[in-house]
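Colleague: In my numbering, the protein residues as written are 542 to 894.
Right, I'll just put the structure down here and ask away after.
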């Protein structure tokens, strides 16, 4: 499925070498100031060609708002966002019509749909995330204006090069410096570094490792750590991951988590594989690809986090609104009575602004 979310719903569309990529955002509250520049900031952070650490594919990734706003204000109707592909080279992928790329979705897409895109990875491409980042920028702006919520991610490992104290098994061992980093780190500081790692010494070693893989026509994976600040308590359900969450519900503390990215599957290093018919062969893929995706994945992680928080917050606001419409219960225990009266006051304040 290409649609996710319950109230704040996002449907992404487009293929890597098609005419355009983008999304439809349904469920955005009306009255939010929104222009292309609000979205372009995040898209420019994920665009290719930012340094010698990324793919040289030259895409400006300029977004155009197609619907859902007037005079720079959201209308509450579906918001259409489009980014045109400009630097496609479908001829680079002639070999992958014969050989599925090892560890790529070429084979699995064919098994699922009975057909696959011949150029690039089709939907199984990092360019699909353009729609997610664009939608995430809208969610971020609303969450910042309405609740002061902030999302900041950074690269915490590349291959075997790891930031100190990031990957400990027991969070109780984290030093005070780690918690201070999560509380104070800013995007503008992260973006000063091409790897987007806040530790300068570690960042240099990460850069060297990426360039080493690039020179060998290989690729490497890594992790991105993200912190979400100022999240109200009480949103979410079912899961029980720690880090600002208890019982699957936010507790008001910083939420932090890590996301792992495997090495990109498309490399020009010769690999033993087989054709779609099962005949052994060798594939040395062409095309322009990232030797490591994590520097560009930072805004993607932030955007996905924003989409999840946005949807969970709107669900919680709906629950509070429904509770506030009920008449008072005379025999309610004092603790519950205080909770419901507080909830009612919050809803009235939110709906009046």
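In this text, a Cβ means the ideal position worked out from N, Cα and C, and glycines have one as well.
1) Going by C-alpha distance, which of 619, 765, 605, 674 is nearest residue 841?
2) Run through DSSP, which three-state label would residue 719 get?
3) Roughly how many angstroms lie between the CA atoms of residue 770 and residue 797, to the nearest whole one?
4) Cβ of residue 667 within 8 Å of Cβ of residue 646?
5) For residue 615 and residue 607, what's the separation of their Cα atoms in angstroms?
6) How many Å lie between residue 670 and residue 567 at the Cα?
7) Please work out which residues of its chain come closer than 7 Å, Cβ to Cβ, to residue 792, disregarding the five sequence neighbours upstream and downstream, and give them in chain order.
8) Let me check understanding here. Comparing Cα to Cα, which of 705, 692, 678 lies closest to residue 716?
9) Mapping the DSSP letters down to three states, classify residue 865 as helix, strand or coil.
10) In angstroms, rounded to a whole number, what distance separates the CA positions of residue 683 and residue 573?
11) For the beta strand (DSSP E) that contains residue 744, what are its first and last residues?
12) For residue 807 versus residue 640, is the C-beta spacing smaller than 8 Å?
13) Report back the beta-carbon spacing between residue 719 and residue 762 to the nearest angstrom; my notes put them in contact at under 8 Å.
14) Going straight from the alpha carbon of residue 829 to that of residue 590, what length do you get?
15) Are the beta-carbon atoms belonging to residue 768 and residue 740 less than 8 Å from one another?
16) Going by beta-carbon coordinates alone, are residue 556 and residue 663 separated by less than 8 Å?
17) Leaving aside the five residues before and after residue 754 along the sequence, list all residues of the same chain whose C-beta is less than 6 Å from its C-beta, in chain order.
18) Give the C-beta separation of residue 549 and residue 569 to the nearest angstrom, bearing in mind that I take them to be a contact with Cβ-Cβ under 8 Å.
19) Is the separation between the beta-carbon of residue 799 and that of residue 697 shorter than 8 Å?
20) On a CA-only basis, which of 809, 855, 820 is nearest residue 596? Give me that one, please.
21) I need the DSSP call for residue 670, collapsed to helix, strand or coil.
22) Rounded C-beta distance between residue 820 and residue 751? I'm assuming under 8 Å.
23) Taking residue 577 as the reference, give the member of 571, 621, 860, 758 with the closest Cα.
24) Of the choices 553, 694, 624, 853, whose alpha-carbon is the least far from that of residue 726?
25) If I measure Cβ to Cβ from residue 746 and keep anything under 6 Å in the same chain, skipping five residues before and after, which residues do I get?
26) In the DSSP assignment, find the unbroken beta strand (DSSP E) run with residue 821 in it and report its ends.
27) Please classify residue 838 as buried or exposed, where buried requires at least 16 other C-beta atoms within 10 Å of its C-beta.
28) List the endpoints of the continuous beta strand (DSSP E) containing residue 608.
Modeller: On the basis of the data shown:
1) Residue 841 sits at position 300 when you count from the first residue of the chain shown. Cα-wise, what sits closest to residue 841 is 674.
2) The sequence position of residue 719 within the chain shown is 178, counting from 1. Helix, per DSSP.
3) Residue mapping note: residue 770 aligns to position 229 of the chain shown, counting from 1. Residue mapping note: residue 797 aligns to position 256 of the chain shown, counting from 1. Our two residues, residue 770 and residue 797, have alpha carbons roughly 9 Å apart in a direct line.
4) Along the chain shown, read from residue 1 onward, the residue named residue 667 stands at position 126. Along the chain shown, read from residue 1 onward, the residue named residue 646 stands at position 105. No; because the gap between Cβ atoms is not below 8 Å, this pair is not in contact.
5) One-based indexing of the chain shown puts residue 615 at position 74. One-based indexing of the chain shown puts residue 607 at position 66. Computed Cα separation, rounded: 12 Å.
6) Against the chain shown, residue 670 aligns to sequence position 129. Against the chain shown, residue 567 aligns to sequence position 26. When rounded, the distance between both Cα atoms is 17 Å.
7) Locating residue 792 in the chain shown gives position 251, where the first residue counts as 1. These residues qualify, in order along the chain: 774, 785, 786.
8) Against the chain shown, residue 716 aligns to sequence position 175. When each option's Cα is compared against that of residue 716, the closest is 705.
9) Counting from 1 along the chain shown, the entry for residue 865 is found at position 324. Correct three-state label for residue 865: helix.
10) Within the chain shown, numbered from 1, the residue matching residue 683 stands at position 142. Within the chain shown, numbered from 1, the residue matching residue 573 stands at position 32. Rounded to the nearest angstrom, the gap between the Cα atoms of residue 683 and residue 573 is 7 Å.
11) For the purposes of this step, residue 744 is taken as residue 203 along the chain shown, with counting starting at 1. Counting along the chain, no beta strand (DSSP E) covers residue 744; the unbroken alpha helix (DSSP H) around it starts and ends at 741–756.
12) Within the chain shown, residue 807 is the residue found at index 266, counting from 1. Within the chain shown, residue 640 is the residue found at index 99, counting from 1. Taking C-beta atoms as the reference points, residue 807 and residue 640 fail to come closer than 8 Å.
13) Locating residue 719 in the chain shown gives position 178, counting from the first residue. Locating residue 762 in the chain shown gives position 221, counting from the first residue. Between residue 762 and residue 719 the Cβ distance is about 22 Å, and since that is not below 8 Å, they are no contact.
14) By one-based count along the chain shown, residue 829 stands at place 288. By one-based count along the chain shown, residue 590 stands at place 49. The straight-line gap from Cα to Cα measures roughly 10 Å.
15) Taking the chain shown and counting its residues from 1, the one referred to as residue 768 is at position 227. Taking the chain shown and counting its residues from 1, the one referred to as residue 740 is at position 199. No, they are not a contact pair.
16) For the purposes of this step, residue 556 is identified with residue 15 of the chain shown, where counting begins at 1. For the purposes of this step, residue 663 is identified with residue 122 of the chain shown, where counting begins at 1. Taking 8 Å as the Cβ cut-off, residue 556 and residue 663 qualify as a contacting pair.
17) Here residue 754 refers to the residue found at position 213 of the chain shown. Once the five neighbours on either side are set aside, the close Cβ partners of residue 754 are 760, 761, 832.
18) As a position in the chain shown, residue 549 is number 8, starting the count at 1. As a position in the chain shown, residue 569 is number 28, starting the count at 1. Confirmed, about 7 Å.
19) For the purposes of this step, residue 799 is identified with residue 258 of the chain shown, where counting begins at 1. For the purposes of this step, residue 697 is identified with residue 156 of the chain shown, where counting begins at 1. Yes, Cβ-Cβ distance for residue 799 and residue 697 is below 8 Å.
20) Walking along the chain shown from the start, residue 596 turns up at place 55. When 809, 855, 820 are compared, the shortest CA-CA separation from residue 596 is found for 809.
21) Working through the chain shown from its first residue, we reach residue 670 at position 129. Reduced to three states, the DSSP call for residue 670 is helix.
22) Indexing the chain shown from 1 puts residue 820 at position 279. Indexing the chain shown from 1 puts residue 751 at position 210. Between residue 751 and residue 820 the Cβ distance is about 34 Å, and since that is not below 8 Å, they are no contact.
23) The sequence position of residue 577 within the chain shown is 36, counting from 1. Taking only the C-alpha atoms, the option nearest residue 577 is 621.
24) On the chain shown, position 185 is the one that residue 726 refers to. The shortest C-alpha separation from residue 726 is found at 694.
25) Position 205 of the chain shown, counted from the first residue, corresponds to residue 746. So the list reads 702, once near-sequence residues are dropped.
26) Position 280 of the chain shown, counted from the start, is the residue given in the question as residue 821. That run of the beta strand (DSSP E) goes 821–824.
27) Position 297 of the chain shown, counting from 1, holds the residue named residue 838. Buried is the call here.
28) Locating residue 608 in the chain shown gives position 67, counting from the first residue. 604–608 is the span of the beta strand (DSSP E), which, as asked, contains residue 608.
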